[in-house]
Amino acid sequence: MFINKESSFKKAIDPTIDLDEETLASVHTVAELAGHCCAREPYQRPDMGHAVNILSSLVELWKPVDQNPEDIYGIDLDMSLPQALKKWQAYEGRSDLESSTSSLLPSLGNTQMSIPSRPYGFAESFTSVDGR
91 MFINKESSFK KAIDPTIDLD EETLASVHTV AELAGHCCAR EPYQRPDMGH
141 AVNILSSLVE LWKPVDQNPE DIYGIDLDMS LPQALKKWQA YEGRSDLESS
191 TSSLLPSLGN TQMSIPSRPY GFAESFTSVD GR
């Protein structure tokens with residue numbers, strides 16, 4: 091991304107962000123990456139691995155230093171999603187997902203299948219001569 095004037099770049103940043111030198115450098119890095127990702131031609135765009143490498147170097151810088159319990163609304167950001175789900179279910183009075191009335195939700199024991207099975211006759215509709 092080509093940024094002609096530093097002042098116009100700073101004006102485009104959310105004013106609620108405390109812009110110190112380190113934060114400004116991080117935002118500039120992300121803006122440059124975003125510019126490359128939005129290139130017109132696909133071959134000019136970076137691959138996902140490059141984007142991950144750029145962003146992963148910023149992870150520790152963006153991690154909240156001090157967490158105010160009132161600001162996070164009781165959410166434990168260090169907890170995994172399955173742990174958070176179990177905690178929520180315990181709070182709601184349920185011990186597992188099997189007690190749920192929805193048949194679309196997978197059980198916690200089967201984490202390999204996150205995509206529901208296709209409807210009956212779904213594959214046949216693509217090979218049928220009638221569906222031209």
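The opening residue of the sequence shown carries number 91 in the numbering used here; numbering runs sequentially from there. Cβ atoms here follow ideal geometry from the backbone N, Cα and C, with glycine treated the same way. The model shown is predicted, which means the values in this text are computed figures rather than measured ones.
| query | result |
| --- | --- |
| Of the residues Gly183, Cys127, Ser116, the one placed nearest valine 149, counting alpha carbons only | Ser116 |
| Threonine 119 versus tryptophan 178 - alpha carbon distance | 37 Å |
| Helix, strand or coil at proline 105 [DSSP, three-state] | coil |
| Residues near serine 192 by beta carbon distance below 8 Å, same chain, minus five either side | Legend: pLDDT at serine 192 = 45, less than 50; position of this residue unreliable, value from coordinates given subsequently. So no residue of the chain qualifies. |
| Beta-carbon gap between lysine 101 and leucine 109 smaller than 8 Å | no |
| Whole runs of the alpha helix (DSSP H) within the segment 96-145, excluding any shorter than 4 residues | 96-101, 111-127 |
| For leucine 114, the nearest candidate out of Val142, Gln134, Trp152 (CA to CA) | Trp152 |
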